[in-house]
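Scroll down for the structure; my scribbles are underneath it.
Number of protein chains: 2
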Amino acid sequence: MGRKPNQPAATPAALTRSVTIKDLAAELGLSITTISRALNGYSDVGEKTRRRVVDGAAKLGYRPNRNAQRLVTRRTHNVAWVQQDNDRKFVDPHFVEVLAGVLRGARALNYDLVLASEIPAHEMSIYDRYVNDNSVDGFIVDLPRENDKRLDYLLSAHRPFVVHGRDGRSEDYGWVDIDNYGNFYNLTRLMISNGHKRIAFINGDEAFAYALWRHRAVRDAIADAGLAPSALKVFNSLHPMGDAGYKLTHLALNDPKVTALIYSSSLMAVEGHAAVVRSGMDRNVAVATMDDELHYIDLTPFTSQFTRIRSSLRDAGEAVIAELVRQCNEPGPGRGVVIPSTFELAQGIDGTVLEHPLPAKRRQTSRRLQPA
Amino acid sequence: MGRKPNQPAATPAALTRSVTIKDLAAELGLSITTISRALNGYSDVGEKTRRRVVDGAAKLGYRPNRNAQRLVTRRTHNVAWVQQDNDRKFVDPHFVEVLAGVLRGARALNYDLVLASEIPAHEMSIYDRYVNDNSVDGFIVDLPRENDKRLDYLLSAHRPFVVHGRDGRSEDYGWVDIDNYGNFYNLTRLMISNGHKRIAFINGDEAFAYALWRHRAVRDAIADAGLAPSALKVFNSLHPMGDAGYKLTHLALNDPKVTALIYSSSLMAVEGHAAVVRSGMDRNVAVATMDDELHYIDLTPFTSQFTRIRSSLRDAGEAVIAELVRQCNEPGPGRGVVIPSTFELAQGIDGTVLEHPLPAKRRQTSRRLQPA
DNA sequence: GCAATTTGCCAAAACGTTTTAGTGGTCTAT
DNA sequence: ATAGACCACTAAAACGTTTTGGCAAATTGC
Chain A
0 MGRKPNQPAA TPAALTRSVT IKDLAAELGL SITTISRALN GYSDVGEKTR RRVVDGAAKL
60 GYRPNRNAQR LVTRRTHNVA WVQQDNDRKF VDPHFVEVLA GVLRGARALN YDLVLASEIP
120 AHEMSIYDRY VNDNSVDGFI VDLPRENDKR LDYLLSAHRP FVVHGRDGRS EDYGWVDIDN
180 YGNFYNLTRL MISNGHKRIA FINGDEAFAY ALWRHRAVRD AIADAGLAPS ALKVFNSLHP
240 MGDAGYKLTH LALNDPKVTA LIYSSSLMAV EGHAAVVRSG MDRNVAVATM DDELHYIDLT
300 PFTSQFTRIR SSLRDAGEAV IAELVRQCNE PGPGRGVVIP STFELAQGID GTVLEHPLPA
360 KRRQTSRRLQ PA
Chain B
0 MGRKPNQPAA TPAALTRSVT IKDLAAELGL SITTISRALN GYSDVGEKTR RRVVDGAAKL
60 GYRPNRNAQR LVTRRTHNVA WVQQDNDRKF VDPHFVEVLA GVLRGARALN YDLVLASEIP
120 AHEMSIYDRY VNDNSVDGFI VDLPRENDKR LDYLLSAHRP FVVHGRDGRS EDYGWVDIDN
180 YGNFYNLTRL MISNGHKRIA FINGDEAFAY ALWRHRAVRD AIADAGLAPS ALKVFNSLHP
240 MGDAGYKLTH LALNDPKVTA LIYSSSLMAV EGHAAVVRSG MDRNVAVATM DDELHYIDLT
300 PFTSQFTRIR SSLRDAGEAV IAELVRQCNE PGPGRGVVIP STFELAQGID GTVLEHPLPA
360 KRRQTSRRLQ PA
């Protein structure tokens, strides 16, 4: 009868055994097959029998054991999201916003989210574990870099996944993203057509693809307008919070020719506002920013002063889980989803000077975003 | 052979069948029993056989199917954490901080976190689901109210759970908390003994137990020092962020007799600092605050100006998951864990005037926290 | 009225593990 | 020598579902 294991291990939890499909079958005088099929909506169960089963299940409090279901169906209805465990990562309000959207969507779709963290050095091993131990059906990947090894791995493992954001590859895969390039290109063009000749762009960490594409967009818009490269000053904040917004704005305004500020995040824009104010009333600086609709910060005091590219990160989170679940249910490659964004103009800004209408709602493929 | 179900349902995912224990047994010419026991560290497997099994498993890439394991062992190695899905909740940096700790601890203990959200109206139904469908072993509960219905339910369901914070009940249950009452009592006493005669307490939402106990502590310290109840002005912020810190501080300073400010959160203390500064140099106000070691905000510019009760929310998160896993493995009631906190004094503050030494590290039961 | 079809139900296999209850063989002590 | 203990291994049952492949009765078509 087997000696004890060396490690402490598996003390069975003292759970009151719950009611099984067998109990319900016995209670109703039906086979477990019929119970199962009645509950799963098969058409070969009579209507009154189905009602009896449903009522009986409610009465006895029968709930299918999900682990038995998962074992036989090979589908867990779980998806994994792995965060890097470095001190800074978790404090990012953008992450929390996407998370809220993912959870809301997962609830509606009857999926559960397995959230995990791993230190960068072991990051891939946790993907390896989830891929091989059958505990999740798919993956959410956040903040991709330009050629992200997580995507390499998941593509080669043939597992469903959706990236929030995009990396540069041209293969088909699941992603949800705003049109970073198009939006920042148009925004910059707008600034230029409003007469600005020197623009400071306060961007995020360009190790991440989103920041890289935004930089390219701003740069291209400047070039396409016939301005010299020196018309653009780029500043990067490696951390989404802290005093970078203030400091970089202060730095940017050291150049007296700078008349327009573009921010990659409303957090930095708001912090930077203090620096703009403090720089004195002699400066009339135009401010534009990405507005991710962070619940974290109240942007209403600034809405008339900031021109904004507006897009909801919660919506993005919901779209991420929706596409992931779609992939789990339909064979075939992942799809890209562009989250619409709107332009909200600061008072006194005229958006009509653009040659083309502003891209209020616009869909386009990842291919169209490649710079020429 | 069964008609199709009415709902779309279960398209089987096209997964490459993974290697099972049977495959490994066949490869090595051993029984599956031996494989299982070798891998699980039982002592009735010969040493060279065990090595053969371990090597073979590595070579074939064998990973036990977790759902099969969960089915037979009745333990999932999953714990659930349900957040309320109201717009404000997710943006709270305190939550994210605890989350980071929980995830770090879970990783070390080989558990996974299932994170879910639910709108308040349906909040209990999701607990009901997790309790009855065998998808988790236990629960994390955050931000308890005074008589929290979630605890009622989980106690009656006899499921392991750990609360971050405490509610008022006297039964044994798992919780992790700082000594809110003791810390705020001592802090207030310190302020009083440093000569302050009118104190403003800028607290959180007293619908939550932590804020309630802090209020009681401050109030009791005032009374025990022989001051009139009017010596205390309490302000409550219902939201952890936004401009409440500034506004309430401004309000508090309307009373010219107020010379000391106590904050329940460093977020509000930092925001409030602007109001203190703006109120003019004529006011010499002492500031004390809870310091949860939020990575979200950099408190170093203020460390010499704020007296702080310092305690790490990440440590608390790690303790939560540790206690929860302990409960899953050992039968018996949950335990309470007090997270130590330290006092860090602002420059010029003398802590020695207290009758008793400051409670740098101190353990006490929930009973001792009841007010007399 | 009879064959063909449809309807409504079911027994058994399967999913991939762990656990139970052994079984032979090799030591050790007498 | 021999009984008992121990060692190293295993066949079969169990966990709770879904799915497969039927089958008998009821309905339909002619």
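As they're listed, the protein sequences go chains A and B. Counting with numbering that gives the first Met the number 0, you get residues 0 to 371 for the letters of the first sequence. Counting with numbering that gives the first Met the number 0, you get residues 0 to 371 for the letters of the second sequence. Don't be surprised by glycine CBs; every beta carbon is placed ideally from N, CA and C.
Rounded separation between residue i and residue j - CA only
{"i": "Arg325 (chain A)", "j": "Ile338 (chain A)", "result": "17 Å"}
{"i": "Gln346 (chain A)", "j": "Val286 (chain A)", "result": "11 Å"}
{"i": "Ala359 (chain B)", "j": "Phe342 (chain B)", "result": "The predicted position of Ala359 (chain B) is uncertain, since its pLDDT is 38 and thus under 50; a value taken from the coordinates is nonetheless stated next. Looking at the two C-alpha atoms, the distance is approximately 6 Å."}
{"i": "Met289 (chain B)", "j": "Ile308 (chain B)", "result": "5 Å"}
{"i": "His272 (chain B)", "j": "Phe138 (chain A)", "result": "43 Å"}
{"i": "Ala230 (chain A)", "j": "Tyr184 (chain A)", "result": "15 Å"}
{"i": "Ser35 (chain B)", "j": "Ala268 (chain A)", "result": "58 Å"}
{"i": "Val44 (chain A)", "j": "Pro92 (chain A)", "result": "50 Å"}
{"i": "Ala220 (chain A)", "j": "Lys232 (chain A)", "result": "13 Å"}
{"i": "Gln369 (chain B)", "j": "Gly167 (chain B)", "result": "Here the model assigns Gln369 (chain B) a pLDDT of 32, short of 50, so the residue's position is not dependable and the matter cannot be decided."}
{"i": "Gln68 (chain B)", "j": "Arg74 (chain B)", "result": "8 Å"}
{"i": "Val175 (chain B)", "j": "Asp291 (chain B)", "result": "14 Å"}
{"i": "Pro356 (chain B)", "j": "Asn182 (chain B)", "result": "Any reading at Pro356 (chain B) is ruled out, since the residue's pLDDT is 42, under 50, leaving its predicted position unreliable."}
{"i": "Leu247 (chain A)", "j": "Ala222 (chain A)", "result": "23 Å"}
{"i": "Ser340 (chain B)", "j": "Ala321 (chain B)", "result": "19 Å"}
{"i": "Val18 (chain B)", "j": "Ala156 (chain A)", "result": "15 Å"}
{"i": "Arg128 (chain A)", "j": "Val161 (chain A)", "result": "18 Å"}
{"i": "Lys148 (chain B)", "j": "Leu142 (chain A)", "result": "38 Å"}
{"i": "Gly316 (chain B)", "j": "Val78 (chain B)", "result": "13 Å"}
{"i": "Asn39 (chain B)", "j": "Ser265 (chain A)", "result": "52 Å"}
Below-7 Å beta-carbon distance, residue i vs any chain A residue
{"i": "His272 (chain B)", "result": "no"}
{"i": "Val140 (chain B)", "result": "no"}
{"i": "Gly45 (chain B)", "result": "no"}
{"i": "Ala321 (chain B)", "result": "no"}
{"i": "Val18 (chain B)", "result": "no"}
{"i": "Asn66 (chain B)", "result": "yes"}
{"i": "Asp297 (chain B)", "result": "yes"}
{"i": "Leu102 (chain B)", "result": "yes"}
{"i": "Val53 (chain B)", "result": "no"}
{"i": "Val269 (chain B)", "result": "no"}
is_contact[residue i, chain B] using C-beta, thresh 7 Å
{"i": "Gly333 (chain A)", "result": "no"}
{"i": "Asn85 (chain A)", "result": "no"}
{"i": "Asn109 (chain A)", "result": "no"}
{"i": "Ala243 (chain A)", "result": "no"}
{"i": "Val113 (chain A)", "result": "yes"}
{"i": "His294 (chain A)", "result": "yes"}
{"i": "Phe305 (chain A)", "result": "no"}
{"i": "Ala99 (chain A)", "result": "yes"}
{"i": "Tyr161 (chain A)", "result": "According to the sequence provided, residue 161 (chain A) is Val. The question's Tyr does not apply to it. Chain B, which has no Cβ nearer than 7 Å to the Cβ of Val161 (chain A), makes this no."}
{"i": "Val81 (chain A)", "result": "no"}
Span of the beta strand (DSSP E) around residue i
{"i": "Ser278 (chain A)", "result": "Run containing Ser278 (chain A): none; DSSP gives neither H nor E here."}
{"i": "Ala243 (chain A)", "result": "No beta strand (DSSP E) contains Ala243 (chain A), which is instead part of the alpha helix (DSSP H) from Ala243 to Ala251."}
{"i": "Arg309 (chain A)", "result": "Phe305 to Arg309"}
{"i": "Asn77 (chain A)", "result": "Asn77 to Gln83"}
{"i": "Asp176 (chain A)", "result": "Gly173 to Asp176"}
{"i": "Thr341 (chain A)", "result": "Thr341 to Glu343"}
{"i": "Val162 (chain B)", "result": "Phe160 to His163"}
{"i": "Thr288 (chain B)", "result": "Ala285 to Asp290"}
{"i": "Val18 (chain A)", "result": "Per DSSP, Val18 (chain A) belongs to no beta strand (DSSP E) and is neither H nor E."}
Delimiting residues of the alpha helix (DSSP H) encompassing residue i
{"i": "Leu59 (chain A)", "result": "Glu46 to Leu59"}
{"i": "Thr33 (chain A)", "result": "Ile31 to Leu38"}
{"i": "Gly316 (chain A)", "result": "Leu312 to Asn328"}
Cβ pair residue i, residue j closer than 7 Å
{"i": "Pro332 (chain B)", "j": "Asp171 (chain B)", "result": "yes"}
{"i": "Gln83 (chain B)", "j": "Pro119 (chain B)", "result": "yes"}
{"i": "Ile177 (chain A)", "j": "Ser310 (chain A)", "result": "yes"}
{"i": "Leu114 (chain B)", "j": "Leu293 (chain A)", "result": "no"}
{"i": "Trp212 (chain A)", "j": "Tyr180 (chain A)", "result": "yes"}
{"i": "Leu312 (chain A)", "j": "Val97 (chain A)", "result": "yes"}
{"i": "Tyr295 (chain A)", "j": "Val95 (chain B)", "result": "no"}
{"i": "Tyr110 (chain A)", "j": "His163 (chain A)", "result": "no"}
**Study point:** Entirely enclosed beta strand (DSSP E) segments - the stretch 197-271 of chain A, minimum 3 residues
**Key:** If we require 3 residues or more, the beta strand (DSSP E) runs fully inside the stretch 197-271 of chain A come out as 198-202, 231-235 and 259-262.
**Study point:** Ordered list of alpha helix (DSSP H) runs contained in the stretch 103-150 of chain A, each at least 4 residues
**Key:** Within the stretch 103-150 of chain A, the complete alpha helix (DSSP H) runs of at least 4 residues are 122-131.
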